[in-house]
Amino acid sequence: MKDGADGVQLLDVYDLLPFDNPDGGAWKQGFEISYKGDEWDEQPLELILVPHSHNDPGWLKTFENYYQDQTKHILNNMLIKLTEDSRRKMIWAEISYFSKWWNNIDEQKREMVKRLVKAGQLELVTGGWVMADEANSHYFALLDQLIEGHQWIQRHLGVKPSSGWAVDPFGHSPSMAYLLKGAGLSNMVIQRAHYAVKKHFAQQQTLEFLWRQNWDSSPRSDITCHMMPFYSYDVPHTCGPNPAVCCQFDFHRLKGGRASCPWRIAPQPITEQNIKDALLLLDQYRQKSRLFRSPVLFVPLGDDFRFVESSEWDAQFGNYQALFDYFDQHPELHVKARFGTLSDYFGALHRRLNAAGTTLPTLRGDFFTYADRDDHYWSGYFTSRPFYKRLDRTLEATLRATEILFSLTLAEMRRFHGDDRLVADFPTSKHFQRLTAGRRNLALFQHHDAVTGTARDPVVVDYGTRLFRSILNLHQVLQSSAHWLLLSDKSQYHHDQSKPFMSLIVFNPTEQLRSSVVSVVVDSPGARVVDAETGRPMTTQISAVWAEPSRASTEHFQVNNSWILFNYLMYKLQLRSGLLRRVQVQFLWYGTRTQTEKSGAYLFLPGDKGAQPYSSLDPPLVRVSRGPVFSDITSCFQHFSHTVRLLHLDGHAGRSLEISNTVDIRSEVNRELVMRLVSDVANSNRFYTDLNGFQMQQRRTLSKLPLQANFYPMSSAAFLQDAASRVSLLSAQSQAVASLRPGELEVVLDRRLQQDDNRGLGQGVTDNKLTASLYHLLLEDRRGGAQEVGGASVEHLSLLAHLISLSLSHPPMTMVTSSDSQVPKLHRFLPLRSSLPCDVHLLNLRTLEDSQVTPGNSSTMFSGMYLNINRIYLFFPLRFRSLRRSNLTLLREDDEPESARRQQTCLRPMEISAFRVELD
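Its first residue numbered 1, the sequence shown is counted upward by one per residue in UniProt numbering.
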């Protein structure tokens, strides 16, 4: 499909492709590439070889063990080997590792690093804390790990990244492209896309494109993207279409080493006797070049944890330099080759394109679900290790709430003193260290082998321990901040973490007034709740705490309050229009194949029978409870309990059904548990899932694809719709979702798989835990059609669904402690003058680190629709002393100038905007 006036729409590409997977010869998943030989007579082939080493911050080993065993040696050798020859270059992506190494080297070596960066020999690419997963990660966490990396780079090296590098995430999201563009990057490289899409793009010369957001009809969000054409990012699959030839030029695999070529032709050191073998390599370069629109060719040189030993640096750089010298000595070959970085490549590319008047096509859409070969679709990792995916979102919510409260506390302290002083007894530095650790542990977990659930068991435990420890530490910061903010008499403040002052405090971390149910466990059924300011009793509901499905605890009870804060089951729901919709909930099992290839941590390879209904010898135990705050029904089965709750609240909280599951499949072998919603919505083969909680993407269930290909990632929402109504499932955690038949929506709750799926992990997924999942089900009347942009309909969550989704992602933060001492007089703290508009989200209010390594001024980020932010009236009694727009990672060089300090600013629809602010 040639790109038309509106460019390439990936949905249309999927409709067009036959997905027939014929044998392409040497390039097995592609085609034979031919050339005449005179194509470069006018303009020589400009080859840029980019050395890299892909360092996973945890996978087969923990982050710490990888660092000690491999990464620190790579970076130590990098310093020596790049300094030896100014023609040598390298790129590095993972700032989590780079910052750890930096902390362990002396000042002399740090100066050497700065010289290499300044000379363009070493380039930090993407600049994120990790190379993030793009399927399960929420956009808050994606942006937060970018901020953490970019701020570190600016603080220590004084530079900012210009190009993205994502060669290992298992599919790619336009949300990430949007964040990179907003962070000041102009170019990016991606690798893992469906092999049939790669082949099609290669045939059409659309492997390089301007990636544009679905909703955007302007080029404002465009970022230049290079898609690598072949199977992998290793040396055999990057020099050209024939891996057997390319492997002969991976000089890490020389005879006698630990690595070898599977094609059984080993590389030879380049000498005067075999230098003409360079023509073999040049032939691969030329073939690869024919897949692109310019005579500039990008070729990576590296793989996982490459360049550990000094000998590999010498072998790769020495032999390739000999090849480059040979090319230079033979101008009739019409090739200029050199080592380079991504900046070198994209700079040369844009120069050549501009000189020729060539424009790249625009592309809209995403690259899920990824398949690397045959019918091996990577839709399993959308759900793998769901306990940790849920913990990830718990830390994310806790971190955001703590960031906001901590920033407001510092600002209030300065306002209280009137001279920018903080309270001497308040542990500002210690709390900021806890915040920083929380940011970095959340950032580390966005790595594409962490939140994905694709690391080995001990590594998963290490990630989980970091997440849990940070949640506990951030609660200390929350309590301490709330202590100061709520005290009526600030002179009574005394910090003693061992003796918290409060009994029950609730913080609403959203930007709207809202009704919520807050539950706490007490040891007496006679407990009551009163408002601390007025002394008035609040509406409560005492519920049982169930020790077992049929036995209530006699020691613990649940107090539920209504707070005003800053085939088994059939539901009948009546819409405001009077239309009645029925939604049935079914639970089903998927098994795996009987042949050699089976499901594992990455792959979903279901058995031929498809999903089988969940059956139980015993009928479920059913509990029904009713009360003034909520009513619910819980069905208890052997492998799960399922609760449907109706909240008796005003506002958006009472407009949806709350669904929660507690799943335990530890007794099972090679099974996956699915919850399927069956409705009478006539959605045909189309449904919508969110991408990273940021935007909705249309999906088309295609019968020409296998079942597993029609599962997609859902970070926070999915919906079905027809002309009359919409059914939305809003989720508090990321999972796989599909709509295999009209009216159906199913999510994979947990998966237990006994074997490895041959993608390098070397184990199955058998560390399952008792895992909770939480949703809201919303039915709405539908009015009006979708907006058409770039040849596809663009849909968004309704404002009601958006608010419910925010409430799921950012629940009220409760701080509960038992205290025998008398609670001092407290007053409410209401930092906003009024609720923000429903279509505006305060993404964060983050305290930044100043040059003295102490918490300095703050940044704030908004996302949403049209908004005028008036810096004087947004907060009260606090005000913005200054408000300066910046890029999304708050780099000072991208701040508006002092002269542009503004009284108000505007946000565009779907835009995320970041501001450097000082609070008065």
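C-beta atoms are modelled at their ideal positions from N, C-alpha and C, and glycine is treated no differently.
Residue i - DSSP class collapsed to helix/strand/coil
| i | result |
| --- | --- |
| Thr362 | strand |
| Leu907 | strand |
| Ala914 | strand |
| Val13 | helix |
| Thr860 | strand |
| Asp449 | coil |
| Pro386 | helix |
| Glu658 | strand |
| Leu631 | A small correction: the amino acid at residue 631 is Ser; Leu does not occupy that position in the sequence shown. In this structure, Ser631 counts as strand in the three-state DSSP scheme. |
| Phe251 | helix |
| Ile665 | coil |
| Gln492 | helix |
| Asp375 | coil |
| Leu588 | strand |
| Ala202 | helix |
| Ala601 | coil |
Residue i versus residue j: straight-line alpha-carbon distance, rounded
| i | j | result |
| --- | --- | --- |
| Leu333 | Gly318 | 21 angstroms |
| Glu148 | Pro57 | 15 angstroms |
| Tyr866 | Arg286 | Confidence is the limiting factor: at Tyr866 the pLDDT is only 44, short of 50, which leaves the residue's position unreliable, though a coordinate-based value still follows. Tyr866 and Arg286: Cα-Cα distance of roughly 50 angstroms. |
| Asn77 | Asp250 | 19 angstroms |
| Ser913 | Asp839 | 14 angstroms |
| Ile872 | Leu647 | In this predicted model, Ile872 has a pLDDT of only 47, less than 50, meaning its place in the structure is not dependable; the value taken from the coordinates is given anyway. Roughly 37 angstroms between the two C-alpha positions. |
| Leu47 | Ala653 | 58 angstroms |
| Gly380 | Gln273 | 50 angstroms |
| Leu442 | Asp392 | 7 angstroms |
| Leu405 | Ser481 | 6 angstroms |
| Ser882 | Leu874 | 13 angstroms |
| Arg551 | Thr634 | 14 angstroms |
| Asn567 | Ser553 | Reliability fails at Asn567, whose pLDDT of 37 lies under 50, so the model's placement of it is uncertain and no value is given. |
| Val727 | Phe587 | 18 angstroms |
| Thr409 | Leu485 | 6 angstroms |
| Lys199 | Leu349 | 22 angstroms |
| Asp690 | Ala141 | 15 angstroms |
| Glu668 | Arg752 | 7 angstroms |
| Leu779 | Arg582 | 10 angstroms |
| Ser384 | Arg456 | 12 angstroms |
| residue 933 | Ala337 | The question about residue 933 has no answer, for the chain in this structure spans 1 to 920. |
| Arg212 | Val529 | 52 angstroms |
| Leu803 | Asp144 | 22 angstroms |
| residue 976 | Asp283 | Given a span of 1 to 920 for the chain in the structure shown, any question on residue 976 remains unanswerable. |
| Ser851 | His156 | Residue confidence for Ser851 is low, a pLDDT of 48 falling below 50, so the modelled location carries little weight; the figure read from the coordinates is stated next. Taking the straight line joining both Cα atoms gives about 10 angstroms. |
| Phe637 | Val622 | 9 angstroms |
Integer-rounded CB distance, given that residue j should sit under 8 angstroms from residue i
| i | j | result |
| --- | --- | --- |
| Thr814 | Val518 | 6 angstroms |
| Thr341 | Val50 | 6 angstroms |
| Leu729 | Leu749 | Contact flag wrong, Cβ pair sits at about 13 angstroms. |
| Arg233 | Asp168 | Note that residue 233 is Tyr in the sequence shown here, rather than Arg. Indeed, because the Cβ distance is near 7 angstroms, the residues count as touching under 8 angstroms. |
| Phe382 | Phe711 | 7 angstroms |
| Leu919 | Ser858 | 6 angstroms |
Contact test: residue i Cβ vs the ligand MG heavy atom, cutoff 7 angstroms
| i | result |
| --- | --- |
| Val663 | No copy of the ligand MG occurs in the structure displayed, which carries no ligand at all. |
For a minimum of 4 consecutive residues, which ranges assigned as the alpha helix (DSSP H) are wholly contained in the segment 273-346?
When DSSP assignments are scanned along the segment 273-346, the uninterrupted stretches of alpha helix (DSSP H) that are 4 or more residues long and fall wholly within it turn out to be 278-289 and 310-329.
Is the segment 878-888 close to the segment 174-184, with three or more CB pairs under 8 angstroms?
Judged by Cβ distances under 8 angstroms, the segment 878-888 makes contact with the segment 174-184, as three or more pairs qualify.
Within the chosen definition, does the segment 665-678 reach the segment 692-702 through at least 3 CB pairs nearer than 8 angstroms?
Counting Cβ pairs under 8 angstroms, fewer than three are found: no touch.
Is it true that the segment 637-644 meets the segment 660-673, where meeting means three or more beta-carbon pairs spaced less than 8 angstroms apart?
The segment 637-644 makes contact with the segment 660-673: 3 or more CB pairs, one atom from each, lie closer than 8 angstroms.
Evaluate contact between the segment 123-141 and the segment 59-68, counting only Cβ atoms and requiring at least three cross-stretch pairs below 8 angstroms.
No, they do not touch.
Taking one C-beta from the segment 625-636 and one from the segment 524-544 each time, how about it: are there three or more such pairs within less than 8 angstroms?
Segments in contact, yes.
Taking contact to mean at least 3 C-beta pairs separated by less than 8 angstroms, is the segment 596-606 in contact with the segment 761-771?
The segment 596-606 makes contact with the segment 761-771; the number of CB pairs closer than 8 angstroms reaches 3 or more.
Any 3 or more C-beta pairs closer than 8 angstroms across the segment 15-22 and the segment 305-317:
No contact exists between the segment 15-22 and the segment 305-317.
For the 8 angstroms Cβ check, are there 3 or more pairs between the segment 468-482 and the segment 432-442?
Output reads yes: the segment 432-442 touches the segment 468-482.
Taking contact to mean at least 3 C-beta pairs separated by less than 8 angstroms, is the segment 372-392 in contact with the segment 445-463?
Between the segment 372-392 and the segment 445-463, the count of Cβ pairs shorter than 8 angstroms is three or higher; the stretches touch.
Do the segment 800-812 and the segment 514-529 touch if we need at least three Cβ pairs shorter than 8 angstroms?
Between the segment 800-812 and the segment 514-529, the count of Cβ pairs shorter than 8 angstroms is three or higher; the stretches touch.
Counting beta carbon pairs with one atom in the segment 407-424 and one in the segment 103-113, are three or more of them shorter than 8 angstroms?
As far as the Cβ criterion goes, the segment 103-113 does not touch the segment 407-424, which means the pair count is below three.
Across the segment 733-747 and the segment 696-710, are there enough close Cβ pairs to call them in contact, namely three or more that are closer than 8 angstroms?
Yes: at least three Cβ pairs fall under 8 angstroms.
Whole beta strand (DSSP E) elements within the segment 752-786, 3-residue minimum
The segment 752-786 contains these whole beta strand (DSSP E) runs: 771-781.
Start-end ranges of the alpha helix (DSSP H) lying completely within the segment 73-112, minimum 4 residues:
Correct list: 95-103.
Any contact between the segment 81-88 and the segment 33-48? By contact I mean 3 or more CB pairs, one from each, below 8 angstroms.
Not touching, per the Cβ criterion.
Note down, one range per segment and in chain order, each alpha helix (DSSP H) of at least 4 residues found wholly within the segment 212-261.
Considered as a whole, the segment 212-261 harbours 243-246 as its complete alpha helix (DSSP H) runs of no fewer than 4 residues, in chain order.
Pick out the complete alpha helix (DSSP H) segments inside the segment 386-442, 4 residues or longer, and give them in chain order.
For the segment 386-442, whole alpha helix (DSSP H) runs of length 4 or above, ordered along the chain, are 386-417.
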